[in-house]
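The structure appears below as structure tokens.
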Amino acid sequence: MNDSPTLHDPDETRRPEERRVDQQRRVTALLANLWDAAPAWRRRLEGSNVSPADFGTPDVLTRLTPVAKSDLAALQVEDPPFGGFFIGDLSASSRIFMSPGPIYDAQLGTTDIGGFARGLRAGGLTRGDIVLNTFAYHLTPAGHAFESGALSLGCVVVPAGTGNTEQQARLLKDLPVTGYMGTPSFLGMLVERADWRFKTACVAAEKLTEDERAVLESRGGHVSQLYGTADLGYIAGECEARAGMHLTEDKVIEILDPATGQPVPEGEIGQVAVTTFSPTYPFVRLTTGDLTRVVSSEVCECGRTSARIAGVLGRVGPGVKVRGMFVYEHHVRAALSRHGLGVGRLVIRRVAGQDTLTLEIVEPLSEEQQGDLLRTLRDEIKLRAEIEIVPEVDAETPQLVDAREIWQA
């Protein structure tokens, strides 16, 4: 049914061959621009034995060595602030963000930053919805990206940000809010405290099981999942059919073998790699570290013709995603070191649908010292944790432990 009210534009219903030709055209133009204007990208092209004569060939992307998101922080340290990947004048950007890593991101323009409007519309948001946006606005891009997408659809946005749960619960009693953008765990807290019945919720940054979705929808309306990252923007999202997450139209998304960097056969699990077409800060085959698989390339009942993925099935690489933020072991090590502590570990667990962070240490610190340590850790990872004094922490074990059992194949 091609007249679905959640369709964003005609590109979502084009023939796969038309999509492939268009993407090839855009990749050719992108590589030509990078060769001329971005020395760091040109070096990477040359390192993959790719020259301008190759730009128009169908397999050109598969010849390029992927860039790991987990390497961005080091690359930016070597060539600040953007690893040599930025094109043009930095003053042309509208915002500059710093995500945990630290990783700097530059964004151009103010309308539909990151392309999230397509996913929000597929999820059910529409003109006139009053939407509570609970993603962070401070330094990280999620809050602004989701807000700009919703505004471009004609929604009214309440820029709540993270935290202040009681204040947000009060707000929901006073305002006729119909929509929600944020993590599913925070949505669960709000519907409990505010006795709020939402119409549409677009959730991201955490895994949502079908059982958890059913609980949320028993308290409100439709819940849809979106997938994206700070550096790449919107990647995929669910439509009303809930038969996988549709890949977005304005990027090239591949599912790669983590060992070889080559595309895996359809249906097999691999890591997500994305090529973007920003005129100032593009990426070519940036791997997110997230594992997924294509569940279908058939036309969806909603009318969209893009391939659909299963969502995030796990992780490769050193980063762990918690409430939309990437946490790395060096964050924990730096926080402990700043307070003269060599041994300790941060354990991430899933308790009653909520991600919890516990910093386990052996030193019997005073309450004041513990507070200082937690503030330092929060500065590193942009997330709250609690401290637990334990009898021992094996110095040989990792200092970051993900003990959640939330990934599903």
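Here the sequence shown is numbered in the numbering used here, starting from 159 and rising by one per residue.
Ideal Cβ positions, reconstructed from N, Cα and C, are used throughout, including at glycine.
Please read these numbers as outputs of a predicted model, since none were measured by experiment.
Boundaries of the alpha helix (DSSP H) in which F274 is found, first to last residue = F274 -> alpha helix (DSSP H) spans F274 to A280.
query = Should K540 and T298 be called a contact, given that it needs their Cβ atoms to be closer than 8 Å?
reply = yes
request  = Entirely within the segment 491 to 540 and at least 3 residues each: give me those beta strand (DSSP E) ranges in chain order.
outcome  = 503 to 509 and 512 to 519
query = Among residues of its own chain, excluding the 5 on either side of A275, which ones have a beta-carbon nearer than 6 Å to its beta-carbon?
reply = G307, S310 and L311
task = Give the straight-line distance between the Cα atoms of H489 and G502, rounded to the nearest whole angstrom.
result = 12 Å
ask   = Does DSSP put S310 in a helix, a strand or coil?
value = helix
ask   = What are the boundary residues of the beta strand (DSSP E) that includes R451?
value = First-last for R451: undefined, no H or E at that position.
key: Residue range of the unbroken alpha helix (DSSP H) whose run includes D560   = Where D560 is concerned, there is no enclosing alpha helix (DSSP H), although the beta strand (DSSP E) it sits in stretches over L558 to D560.
query = What does DSSP give as the partner residues of I411 in its beta bridges?
reply = V432
Which listed residue (D552, I288 and L531) has its alpha carbon closest to that of R542 = Per the C-alpha coordinates, the member of D552, I288 and L531 positioned closest to R542 is L531.
key: Buried versus exposed call for E103 [16 or more other C-beta atoms within 10 Å across all chains shown]   = Residue numbering for the chain in the displayed model covers 159 to 567; residue 103 lies beyond these limits and cannot be assessed.
query = Who pairs with G470 in a beta bridge, going by DSSP?
reply = According to the sequence as given, residue 470 is Val; it is not Gly. Note: V470 sits in no beta bridge, so no partner.
task = Please state whether DSSP places E546 in a helix, a strand or coil.
result = strand
message = Quick check on DSSP: helix, strand or coil for D287?
response = Reduced to three states, the DSSP call for D287 is coil.
message = For G205 and C458, what's the separation of their Cα atoms in angstroms?
response = 40 Å
task = Determine the burial state of N291: buried for a count of at least 16 other Cβ atoms within 10 Å of its Cβ, exposed for fewer.
result = buried
query = With 16 as the cutoff for other CB atoms within 10 Å, does V179 come out buried or exposed?
reply = Flag for V179 reads exposed.
message = Alpha carbons only, please: which of R562, R508, T555 and R491 is nearest the one belonging to R536?
response = R491
query = If we count the other Cβ atoms within 10 Å of its Cβ and call it buried at 16 or more, is P423 buried or exposed?
reply = exposed
Of the listed residues I545, P260 and A510, nearest to L523 (C-alpha basis) = I545
inquiry  = Does the segment 237 to 251 come into contact with the segment 349 to 356, if we say contact requires no fewer than three beta-carbon pairs (one atom in each stretch) closer than 8 Å?
reply    = no
request  = Indicate the three-state DSSP secondary structure (helix, strand or coil) for E398 in the structure shown.
outcome  = Residue state, collapsed to three classes: coil.
message = Let me confirm a value: A561 is counted as buried when at least 16 other C-beta atoms fall within 10 Å, else exposed. Which label applies?
response = exposed
ask   = What number of angstroms, rounded off, separates the C-alpha of Y262 from the C-alpha of W199?
value = The alpha-carbon of Y262 is positioned some 17 Å away from that of W199.
task = Measure the C-alpha to C-alpha separation of P238 and P260 and round it to an integer number of angstroms.
result = 12 Å
ask   = E236: buried (16+ other C-beta within 10 angstroms of its C-beta) or exposed?
value = exposed
request  = Would you identify the three-state DSSP class for R351, choosing helix, strand or coil?
outcome  = helix
ask   = Helix or strand or just coil, what does DSSP make of D263?
value = strand
query = Should L333 go down as buried or exposed, given a rule of 16 or more other Cβ atoms within 10 Å for buried?
reply = exposed
task = Measure the C-alpha to C-alpha separation of G337 and T358 and round it to an integer number of angstroms.
result = 5 Å
inquiry  = Looking only at its chain, what residues have a beta carbon closer than 7 Å to the beta carbon of P216, apart from the 5 residues adjacent to it on each side?
reply    = Q182
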